[in-house]
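So the sequence shown is numbered by the working numbering: it starts at 8 and just counts up by one. C-beta atoms are modelled at their ideal positions from N, C-alpha and C, and glycine is treated no differently. None of the values given here were measured: they were computed from a predicted structure. The structure under discussion appears below in the form of structure tokens.
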Amino acid sequence: MTEPLPDPVFMPLARTTRLDPPPELAMLRAERPISRMRFPDGHVGWLVTSHTLARKVLADRRFSSRNQYRRPVIRLPIVNKAGLRPMLPGAFIAMDPPDHTRFRRLLGAQFSERRMRRLESWIAGVVDERLDAMARSGGPVDLVRTFALPIPSLVICELLGVPYADRDKFQYYSEMLVRLDARPEDAEAARVAFLDFLVALVRHKRERLADDLISGLVSTGELTEEEIAGVAFLLLFAGHETTANMIAIGVFTLLSNPRQLAALRADTSLADGAIEELLRYLSVVQLGTVRGALVDVVVGGHTIRAGESVCVSLPAANRDPDRFADPDTLDITRDTTGHLAFGHGVHRCLGQPLARIEMRIGYTALLRRFPGLRLAVDPAEVRMRTDRIIYGVHELPVTW
């Protein structure tokens, strides 16, 4: 008979070091890799911290991604009266097959290898332009504002067909939606304004089709204007918010690990492995991802009842010593196969090829152009994004 579990925990949030997940996650993973967890709305569900169980939950079709199960694991300003994130038309991240499959099929054609290859040379040009601007400034500069944020913003605008001149709008909207300290009315106003902006853009594209993702979705005739706007909302948000933070905190991590940085500088063929290791090591989606049981499912010897929500901690799973030897050490030469930074299963991140391209080109060009790149402040002065859904750094002052 299974022993009763201890009292439910709350999502661990307190970090003791800047680049490591909350230590309580490691303790839970070692003692009970599936734990009862209390959600902010009072629901008692589960927290998964081991790599094996995380893969099991994320790949099991008996666990749903629908909105009624996607309870926030901490109190967020952008929730409705039922304690759930508002559901957007076209929000395929909160759908199960076959609805999810239909959206992924349409979007898969837009994220084709041909389009990614064409973007790759364009991205290299964007990166060079940003590096030229940094060089002209003479330093020091904030790498977030001058490099890490503009690159993915420009790229996702180009891919979707969003005017880059509107970047201040969608960056502001995105910032309000990831802030943990935003006022609920401000977060809701940003969500509505963001969606209205995109609906207007979709209507404009319907009259003036171009070679971009939004125009491609319009041309299929399979989605409503609101659904296309919802898809664009997700891609525009994820396409610059997560990648920008990965680029910036990735540079901070390399500068904080001089031996690893020296190895990468000496051999740029290590870049692809370094990217995968940084993705695993940092796991910037710091609150994990939530699923809900459609039926009773046994996981790790415990029965998750139908209707119960399960939070899969990606940072904990990616630091599991049963999967990655010495997981708390950055090692850009390690085998990172199976890391979960982009998720797993049918909801594995659609934009991962693009994110990898941006990071590879960005890191290698930055280190090549500025071989003396270093922090312009004491590492302790770098402000971490503990107050945001996506982890990273607020600013990264660097010089060379």
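Could you check if Ala-194 is buried or exposed, using at least 16 other CB atoms within 10 Å of its CB as the buried criterion?
Here residue 194 refers to the residue found at position 187 of the sequence shown. Answer is buried; the Cβ neighbour count reaches 16.
Whole angstroms is fine: what's the gap from Ile-311's alpha carbon to Leu-20's?
Walking along the sequence shown from the start, residue 311 turns up at place 304. Walking along the sequence shown from the start, residue 20 turns up at place 13. Rounded to whole angstroms, Ile-311 to Leu-20 spans 24 Å at the Cα level.
With H, G and I counted as helix, E and B as strand and the rest as coil, what does DSSP make of Val-16?
Within the sequence shown, numbered from 1, the residue matching residue 16 stands at position 9. Strand at Val-16.
Whole angstroms is fine: what's the gap from Asp-218's alpha carbon to Phe-349's?
Here residue 218 is taken as the residue at index 211 of the sequence shown, counted from 1. Here residue 349 is taken as the residue at index 342 of the sequence shown, counted from 1. Approximately 27 Å between the Cα atoms of the pair.
If I follow the unbroken alpha helix (DSSP H) through Met-34, where does it start and stop?
In the sequence shown, the residue the question calls residue 34 occupies position 27. Counting along the chain, the alpha helix (DSSP H) containing Met-34 begins and ends at 30-38.
Would you grab the beta carbon distance between Met-18 and Val-80 for me? Rounded to a whole angstrom, and I think it's under 8 Å.
The residue labelled residue 18 in the question sits at position 11 within the sequence shown. The residue labelled residue 80 in the question sits at position 73 within the sequence shown. Right, their Cβ atoms sit about 4 Å apart.
Can you tell me whether Pro-157 is buried or exposed? The criterion is at least 16 other CB atoms within 10 Å of its CB, across all chains shown.
Indexing the sequence shown from 1 puts residue 157 at position 150. Buried is the call here.
Run through DSSP, which three-state label would Pro-404 get?
Stepping through the sequence shown from its first residue, residue 404 is reached at position 397. Strand at Pro-404.
Reduced DSSP category for His-7 - H, G, I as helix; E, B as strand; rest coil
A question about residue 7 goes unanswered here, because the residues of the chain that appear run from 8 up to 407.
Can you grab the Cα-Cα spacing for the pair Ser-57 / Pro-40, in whole Å?
One-based indexing of the sequence shown puts residue 57 at position 50. One-based indexing of the sequence shown puts residue 40 at position 33. Rounded to the nearest angstrom, the two C-alpha atoms are 5 Å apart.
Thr-296, buried or exposed, once every other Cβ within 10 Å from all chains shown has been counted against 16
As a first step, residue 296 must be located in the sequence shown, where it is residue number 289. Per the 10 Å Cβ criterion, buried.
Spatially closest choice to Arg-124 from Leu-361, Arg-326, Arg-143, Val-55, by CA coordinates
Start at 1 with the first residue of the sequence shown, and residue 124 comes out as number 117. When only C-alpha atoms are compared, the closest one is Leu-361.
How about the region 133-150 and the region 361-380: do they share at least three Cβ pairs that are nearer than 8 Å?
yes
Can you give the beta carbon distance from Arg-198 to Leu-184, rounded, assuming they're within the 8 Å contact cut?
As a first step, residue 198 is located in the sequence shown; it is residue number 191 there, counting from the start. As a first step, residue 184 is located in the sequence shown; it is residue number 177 there, counting from the start. With a Cβ gap of about 6 Å, Arg-198 and Leu-184 count as contacting.
Alpha carbon to alpha carbon, how far is Leu-60 from Val-319? Give it in angstroms, no decimals.
For the purposes of this step, residue 319 is identified with residue 312 of the sequence shown, where counting begins at 1. For the purposes of this step, residue 60 is identified with residue 53 of the sequence shown, where counting begins at 1. Whole-angstrom Cα-Cα distance: 9 Å.
Taking the DSSP output, what are the residues bridged to His-309?
Taking the first residue of the sequence shown as 1, we reach residue 309 at position 302. Answer is Val-306, bridged to His-309.
I need the straight-line Cα distance from Ile-254 to Met-366, nearest angstrom please.
The residue labelled residue 254 in the question sits at position 247 within the sequence shown. The residue labelled residue 366 in the question sits at position 359 within the sequence shown. Rounded to the nearest angstrom, the two C-alpha atoms are 6 Å apart.
Within 8 Å, do at least three Cβ pairs link the region 264-274 to the region 40-55?
Contact annotation: the region 40-55 does not touch the region 264-274, with fewer than three C-beta pairs closer than 8 Å.
So, do the region 328-342 and the region 227-236 have three or more beta carbon pairs nearer to each other than 8 Å?
no
Rounded to the nearest angstrom, what separates Met-102 and Val-304 at their Cα positions?
Counting from 1 along the sequence shown, the entry for residue 102 is found at position 95. Counting from 1 along the sequence shown, the entry for residue 304 is found at position 297. One C-alpha to the other measures close to 20 Å.
In the DSSP assignment, what are the bridge partners of Phe-70?
Indexing the sequence shown from 1 puts residue 70 at position 63. Note: Phe-70 is bridge-paired with Ala-300 in the DSSP secondary-structure output.
Taking only three categories from DSSP, how would you classify Gly-223?
Within the sequence shown, numbered from 1, the residue matching residue 223 stands at position 216. In this structure, Gly-223 counts as helix in the three-state DSSP scheme.
For Arg-124, which of helix, strand or coil comes out of DSSP?
Your numbering for residue 124 matches position 117 in the sequence shown. Helix.
Need the endpoints of the beta strand (DSSP E) that Cys-318 sits in, please.
Taking the sequence shown and counting its residues from 1, the one referred to as residue 318 is at position 311. Per DSSP, Cys-318 belongs to the beta strand (DSSP E) from 316-319.
Does Leu-286 come within less than 8 Å of chain B when only Cβ atoms are used?
The chain labelled as chain B is not found in the depicted structure, where only one protein chain is given.
Would you decide whether Pro-28 is buried or exposed? Buried here means 16 or more other CB atoms lie within 10 Å of its CB.
Here residue 28 corresponds to residue number 21 of the sequence shown, with the count starting at 1. Buried: at least 16 other Cβ atoms inside 10 Å.
Cα separation between Arg-363 and Gly-228?
On the sequence shown, residue 363 is found 356 positions in, with the first residue counted as 1. On the sequence shown, residue 228 is found 221 positions in, with the first residue counted as 1. So the alpha carbons of these two residues sit roughly 31 Å apart.
Is it a yes or a no for the region 321-329 touching the region 283-296, going by three-plus beta-carbon pairs under 8 Å?
yes
Other residues of its chain near Gly-5: CB distance less than 6 Å, five sequence neighbours each side excluded
In the structure displayed, the chain extends from 8 to 407; residue 5 sits before or after that span and is not available.
Distance between beta carbons of Val-353 and His-107, contact taken as under 8 Å:
Here residue 107 corresponds to residue number 100 of the sequence shown, with the count starting at 1. Here residue 353 corresponds to residue number 346 of the sequence shown, with the count starting at 1. Between the beta-carbon of His-107 and that of Val-353 there is about 6 Å, and that keeps the pair under the 8 Å contact cut.
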